[in-house]
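In the numbering used here, the protein residues as written are 59 to 784.
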């Protein structure tokens with residue numbers, strides 16, 4: 059069921075009966091729902107906000123030209139109105155089980171508008187144009203509203219990895235949300251982010267190529283350009299498509315390589331653009347200059363068509379071409395290149411052409427082809443001219459090898475593959491997010507867990523410290539002692555020889571030693587997995603590679619110091635394996651939060667290769683190794699228990715009951731790891747419990763906080779439900 063506007067003025071429709079007739083006909087005969095909006099809204103939305111502001115910014119063309127009136131009008135409100143009309147139409151017709159798939163930059167606000175009315179809806183969003191870097195996107199006055207609109211979806215899709223990375227970085231910087239390679243962790247839910255390249259429809263293209271009109275035009279073109287090498291191009295005539303750069307490169311090619319004059323023709327089809335500019339005149343001047351320099355009665359070096367051609371001519375042109383040249387300054391998927399490669403397969407011509415593809419590095423398509431195309435920078439005219447020469451002089455064997463590799467990529471990334479893959483990913487994302495939703499995660503059942511505990515023989519407890527066993531204190535303040543009740547509960551648990559108990563924390567090893575000195579046989583995990591002390595041992599083991607940490611610390615410290623100098627009141631804390639930038643006491647917290655988001659992105663961008671990541675929390679940035687986490691330490695603990703309890707494989711299960719309790723971001727990885735052990739049957743009973751209010755990987759929640767955890771653990775240890783120790 060398609061939902062859209064009529065694409066024409068509708069105020070002139072005389073009465074509501076006419077509108078109703080149109081709406082009924084489209085709905086019953088074509089499965090289409092009509093969105094009616096005023097002509098003023100429609101024009102302001104499309105011609106002004108979409109075309110004068112969003113489209114240029116998404117293509118790295120900041121509308122700051124003195125002649126531009128982009129920010130003088132009030133087109134943002136028209137954009138909101140049209141997006142609201144779409145959302146209202148979706149909400150009015152949505153039924154449980156429906157999937158909502160929103161497309162492109164014209165409707166960025168729709169996902170969140172629908173989400174507000176339909177919290178349970180399954181919503182996907184796909185952007186068909188590039189997504190710019192955060193430095194460009196942040197120029198938009200309403201940047202937050204646009205991002206929040208997109209994040210109403212369960213799954214946000216982009217054409218290539220570069221655009222996905224830009225989106226994640228932009229959300230991290232502007233919205234101060236946590237970005238992971240899989241998506242974005244919002245306050246109350248997770249949004250998956252993927253890249254899936256769209257492609258062509260080979261079945262439809264094959265049917266069209268076999269028509270007699272295509273064959274007729276093939277004969278005409280073969281006769282007309284007999285003995286000539288054809289370079290073809292078809293672009294919209296706007297600044298982003300690089301038509302001017304292409305013609306100047308071709309002019310340089312004819313100048314540099316006179317032997318190719320009279321043997322090469324560039325056929326440039328230029329589609330008219332709504333953009334009124336001096337580009338048209340500039341391009342015409344270049345064409346006139348090139349043709350006047352080298353044309354004669356029998357030869358014209360440039361054939362310039364300032365109009366579109368019909369589909370049969372277009373397919374014939376792609377089939378007979380020796381090279382296709384695309385010099386876009388910025389573009390998403392250029393499907394002309396896909397169609398060209400498909401048309402070169404020799405099924406119409408008596409022999410395969412294996413034509414070359416000259417492609418701008420600034421198109422999303424170039425990331426799919428693994429260098430089998432001739433990549434060019436449109437601003438480097440010399441490189442473009444040399445690429446034309448290489449395309450024309452390339453050996454048949456090289457042409458064939460390149461074309462076969464390109465054809466494989468085109469055959470894989472088809473339109474139907476993109477369609478089915480996106481929807482299947484949306485299903486998976488929705489299902490996973492629904493499981494993690496706090497409202498979907500059941501409350502911890504004390505009687506059920508107690509029964510599992512009593513029936514088990516080898517138990518492993520992994521318990522978070524801050525916010526789980528004690529109320530949260532500032533992470534930069536050393537806690538000299540732990541509340542007595544916590545120590546008593548832990549002592550009661552470790553007294554049972556069947557229990558192995560580990561406490562995990564972000565604090566330093568010496569701090570944890572001091573806190574838990576009166577709990578013998580307790581295992582400890584410090585600095586979020588960088589240090590491990592086995593239960594029954596007094597020695598700490600360094601899990602992380604300290605030499606590697608020293609290297610990245612130097613780089614990161616320089617970055618953090620830069621931001622520290624610009625954030626009065628902030629502090630920098632250095633731990634053995636991590637650095638913490640505290641800005642909770644900054645003089646201007648709002649400004650500090652913005653700088654902290656920039657700082658987080660800066661560290662993640664600059665130090666990614668050093669296997670380090672920065673995470674922005676409420677009032678601090680934690681920079682820690684990417685390879686050593688609470689979950690890697692938990693895996694180490696489990697492996698050692700397994701080898702200790704079942705050294706000769708006599709026990710199938712080294713641990714038959716595992717419980718993980720936590721409340722923070724770092725604990726989610728441990729929940730996920732533990733749940734997986736339960737899913738595959740490695741551990742018979744796995745209980746993961748979250749205290750936080752965020753979406754979670756845990757299988758149960760406990761809402762009574764630290765007190766509830768201690769009461770529950772006391773009951774398990776056998777002291778009786780609710781009976782506190784003095």
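Don't be surprised by glycine CBs; every beta carbon is placed ideally from N, CA and C.
Under the three-pair Cβ rule at 8 Å, the segment 510-523 counts as touching the segment 712-727.
Assignment of beta-bridge partners to residue 683 by DSSP yields 670. A residue is called buried once 16 or more other Cβ atoms fall within 10 Å of its Cβ, and residue 611 is buried on that count. Taking a contact as a CB-CB distance under 8 Å, the pair residue 391 and residue 422 counts as one, their CB atoms being some 5 Å apart. The beta carbon of residue 361 sits closer than 8 Å to the beta carbons of 323, 324, 325, 326 from its chain, once the five residues preceding and following it are set aside; these are given in chain order.
Taking a cut-off of 8 Å on C-beta distances, the segment 680-697 does not touch the segment 481-489, as fewer than three cross pairs fall below it. For residue 60, the enclosing beta strand (DSSP E) starts and ends at 60-62. Taking the CA atoms as reference points, residue 728 sits about 9 Å from residue 756. The three-state reading of DSSP puts residue 286 in coil, since its state is none of H, G, I, E or B. By the C-beta criterion, the segment 738-755 is judged to be in contact with the segment 499-508, since at least 3 inter-stretch pairs fall below 8 Å. Under the DSSP assignment, residue 591 falls in the beta strand (DSSP E) whose first and last residues are 589-591.
Assigned with DSSP and collapsed to three states, residue 697 falls in helix.
Under the DSSP definition of a beta bridge, residue 326 partners with 291, 362. Residue 109 and residue 63 have their C-alpha atoms spaced approximately 17 Å apart. Counting only residues of its own chain and dropping the five nearest sequence neighbours on each side, residue 481 has a CB closer than 8 Å to the CB of 157, 159, 182. The residue from 615, 90, 107 with its alpha-carbon nearest to that of residue 98 is 107.
Judged by DSSP in its simplified three-state form, residue 656 adopts helix. Cβ-Cβ separation between residue 699 and residue 558: approximately 6 Å, consistent with a contact (criterion under 8 Å). Annotation: residue 206 to residue 653 spans about 20 Å, alpha carbon to alpha carbon. Remark: three or more beta-carbon pairs, one from each stretch, lie closer than 8 Å, so the segment 577-586 and the segment 545-558 are flagged as touching. In this structure, the straight-line span from the alpha carbon of residue 663 to that of residue 251 is close to 18 Å.
Judged by DSSP in its simplified three-state form, residue 203 adopts helix. Secondary structure of residue 296 (DSSP, three-state): coil. Scanning the segment 543-616 for uninterrupted beta strand (DSSP E) segments of 3 residues or longer gives 557-562, 581-584, 589-591, listed from N- to C-terminal end.
Residue burial annotation: residue 296 is buried, with at least 16 other C-beta atoms found within 10 angstroms of its C-beta. According to the DSSP assignment, residue 475 belongs to the alpha helix (DSSP H) that extends over 473-494. Closest by C-alpha distance to residue 582, out of 454, 442, 694, 69, is 694. When the Cα atoms are used, residue 374 and residue 620 turn out to be separated by approximately 59 Å. The beta-carbon distance between residue 172 and residue 210, rounded to whole angstroms, is 6 Å. This is short enough to meet the 8 Å contact definition. Measuring C-alpha to C-alpha distances from residue 543 to each of 722, 556, 527 identifies 527 as the nearest. Residue 382 sits in a strand when the DSSP states are folded into three classes. Annotated as proximal: residue 471 and residue 255, with beta-carbon spacing under 9 Å.
With contacts defined as CB atoms closer than 9 Å, residue 370 and residue 289 fail to qualify as a contacting pair. For the set 86, 147, 104, 137, the Cα lying nearest the Cα of residue 94 is the one of 147. In this structure, DSSP gives residue 520 an extended state, which the three-state scheme calls strand.
Here the segment 242-250 makes no contact with the segment 433-447; the two share fewer than three CB pairs at distances below 8 Å.
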